[in-house]
Each structure stands twice: as C-alpha cells, then as structure tokens.
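Participant: With the working numbering applied, the sequence shown corresponds to residues 53 to 231, in that order.
Before we start, here is the structure in question, set down as structure tokens.
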Amino acid sequence: REMTRILIQKYGCLVIGIGRDQTKAQALCSELGENADRFVPCFFDVSDRAQWYRFADRLERQKHMPDLLVNNAGVLPHFRRFAADRSTCSEPGCRAADGSPFDSDVTLIASDQRDRALAESIPVSSAGPMEDALRAMRVNYLAPLYAAEALLPLLLRSSAPGIVNVSSSAALVSLPGTA
C-alpha cells in the first residue's frame with residue numbers, strides 16, 4: 053500500500069495493482085483521494101501462470117507498457133508446532149515421543165504448558181500441511197517467476213525497465229511452530 057502511494061503521489065506513476073481482495077483495493081482507492089485514477093486494480097491469482105500471460109496480453113492490447121514490475125505477494129503457511137500425524141504410526145498402542153497416546157489426528161508434543169499453549173494458538177489450515185506448503189511455494193517462489201516470464205517482453209520495451217522482488221524479513225527469523 054505504501055509503495056503504491058509513493059509511486060502515485062510522489063512520482064505520478066500509473067500503478068496497476070494485482071490482488072485478490074477487492075475490499076482492500078477499494079480502500080486504497082479511497083485513501084488515494086484525487087489520485088485514485090492513477091491506481092488500476094486487477095484481480096487474479098498470481099500463482100496461476102496462464103493468468104499472468106492473459107494479463108500481459110491485456111496490457112499490450114490496452115497499450116500499457118510497464119517500466120517496473122514489483123513482486124510483493126507472499127504467504128506464510130499455517131504451522132502447528134510439534135505436530136505429529138497419526139498416520140506416521142501404524143502400530144496398535146502407538147505413542148507420541150513424550151509417551152502420550154495419540155488421541156486425535158494431531159497430537160501436540162510440548163515440554164511445558166507454555167509451549168503447549170503457544171502450539172495450540174498457531175492456526176492450522178484445513179487444507180493440510182502439504183497443501184499449505186505447496187501454496188507458499190506457488191505464491192512466494194513461482195509467482196514472481198511467472199510474472200517476470202510473462203511481462204519481460206513488455207518491460208524490455210521500456211527505456212529503463214526494472215524488476216523488484218520484495219521479501220519479508222520473516223523469512224530470516226525463526227517463528228514459533230515453523231522449525
């Protein structure tokens with residue numbers, strides 16, 4: 053949001069913002085006030101390669117030649133700390149590492165009550181850990197590649213093309229439940 057405001061208000065850029073949330077785009081338009089016409093929201097799933105190519109075709113048809121691609125989308129998959137899946141234990145009477153019996157699909161193994169409370173506070177996606185990890189890879193890794201691949205022919209027509217990949221410092225920090 054802030055980068056969009058700066059590009060529009062300070063540099064007079066036309067910003068085409070890609071996202072999934074129409075409510076957030078409308079809120080940003082409201083915040084931009086008289087400069088709202090410099091922001092064009094476009095909605096699609098950035099992790100879908102074909103949609104990037106359709107977007108590039110649309111830009112070209114509408115004579116929008118981008119100078120800069122900023123990849124800023126990112127997701128952090130939901131994790132549950134110390135999770136163990138019953139499917140990893142096929143023996144009758146199988147127990148978790150702390151000796152407790154498996155009594156649900158996910159058993160929390162924590163060294164003390166504080167760890168258990170922390171583990172239980174971390175949201176778990178209903179999609180499952182593998183699907184969450186795959187979604188993170190599609191959005192955080194593949195989407196910027198798809199964007200560059202589809203938009204590079206248009207960017208190279210600019211006199212000063214650029215690609216900026218924004219990452220979060222969260223990638224460098226251990227978060228509870230992610231190790």
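All C-beta atoms in this analysis are idealised placements derived from N, C-alpha and C, irrespective of residue type, glycine included.
All values derive from a computational prediction rather than experimental measurement.
Please go through the stretch 60-119 and give each complete alpha helix (DSSP H) segment of 4 or more residues, from N-terminal end onward.
Facilitator: Within the stretch 60-119, the complete alpha helix (DSSP H) runs of at least 4 residues are 74-84, 101-113.
Participant: Taking DSSP as the reference, what is the three-state secondary structure of Leu197?
Facilitator: The residue given as residue 197 occupies position 145 in the sequence shown. In this structure, Leu197 counts as helix in the three-state DSSP scheme.
Participant: If you count every other CB in all the chains shown that lies within 10 Å of the CB of Ser99, and 16 or more means buried, which is it?
Facilitator: Here residue 99 refers to the residue found at position 47 when the sequence shown is read from its first residue. Label assigned to Ser99: buried.
Participant: According to DSSP, is Val191 part of a helix, a strand, or is it coil?
Facilitator: On the sequence shown, position 139 is the one that residue 191 refers to. Residue state, collapsed to three classes: helix.
Participant: Checking 7 angstroms against the spacing of the C-beta atoms, do Pro93 and Leu206 come in under that value?
Facilitator: Locating residue 93 in the sequence shown gives position 41, counting from the first residue. Locating residue 206 in the sequence shown gives position 154, counting from the first residue. Contact: no.
Participant: Can you give the beta carbon distance from Arg25 to Tyr198, rounded, assuming they're within the 8 angstroms contact cut?
Facilitator: Residue 25 is absent from the structure shown; the chain starts at 53 and stops at 231.
Participant: Going by beta carbon distance, what residues of the same chain come within less than 7 angstroms of Ile60, once the five residues before and after it are set aside?
Facilitator: The residue labelled residue 60 in the question sits at position 8 within the sequence shown. Answer for Ile60: Val67, Leu84, Asn87, Arg90, Phe91, listed in chain order.
Participant: Pick from Gly180, Asn124, Pro213: whose alpha carbon is nearest that of Tyr193?
Facilitator: Residue 193 sits at position 141 when you count from the first residue of the sequence shown. Out of Gly180, Asn124, Pro213, Asn124 has the C-alpha closest to the C-alpha of Tyr193.
Participant: Using DSSP with H/G/I as helix, E/B as strand and the rest coil, what is Leu207?
Facilitator: Here the question's residue 207 lines up with position 155 in the sequence shown. Correct three-state label for Leu207: helix.
Participant: DSSP three-state label for Leu121, please.
Facilitator: As a working note, residue 121 is residue 69 in the sequence shown. It is a strand residue.
Participant: Whose C-alpha, out of Ile70, Leu120, Gln103, is nearest the C-alpha of Ser211?
Facilitator: On the sequence shown, position 159 is the one that residue 211 refers to. Residue Leu120 is the option with its Cα nearest to Ser211.
Participant: Assuming the contact rule is C-beta atoms closer than 8 angstroms, Leu203 and Ala77 should be a hit. Round their C-beta distance to whole Å, please.
Facilitator: Working through the sequence shown from its first residue, we reach residue 203 at position 151. Working through the sequence shown from its first residue, we reach residue 77 at position 25. About 20 angstroms; that fails the 8 angstroms criterion.
Participant: Which same chain residues, not among the five before or five after Asp97, have their C-beta less than 8 angstroms away from its C-beta?
Facilitator: Position 45 of the sequence shown, counting from 1, holds the residue named residue 97. Excluding positions up to five away in sequence, the list reads Arg72, Gln103.
Participant: Please say whether Ala185 and Pro129 have beta carbons closer to each other than 7 angstroms?
Facilitator: On the sequence shown, residue 129 is found 77 positions in, with the first residue counted as 1. On the sequence shown, residue 185 is found 133 positions in, with the first residue counted as 1. Their beta carbons are under 7 angstroms apart, which means Pro129 touches Ala185 by this criterion.
Participant: Could you tell me how far apart the beta carbons of Ala188 and Val122 are, in whole angstroms, since I believe they sit closer than 8 angstroms?
Facilitator: Along the sequence shown, read from residue 1 onward, the residue named residue 188 stands at position 136. Along the sequence shown, read from residue 1 onward, the residue named residue 122 stands at position 70. Not quite, the Cβ-Cβ distance comes to about 20 angstroms (not below 8 angstroms), so this is no contact.
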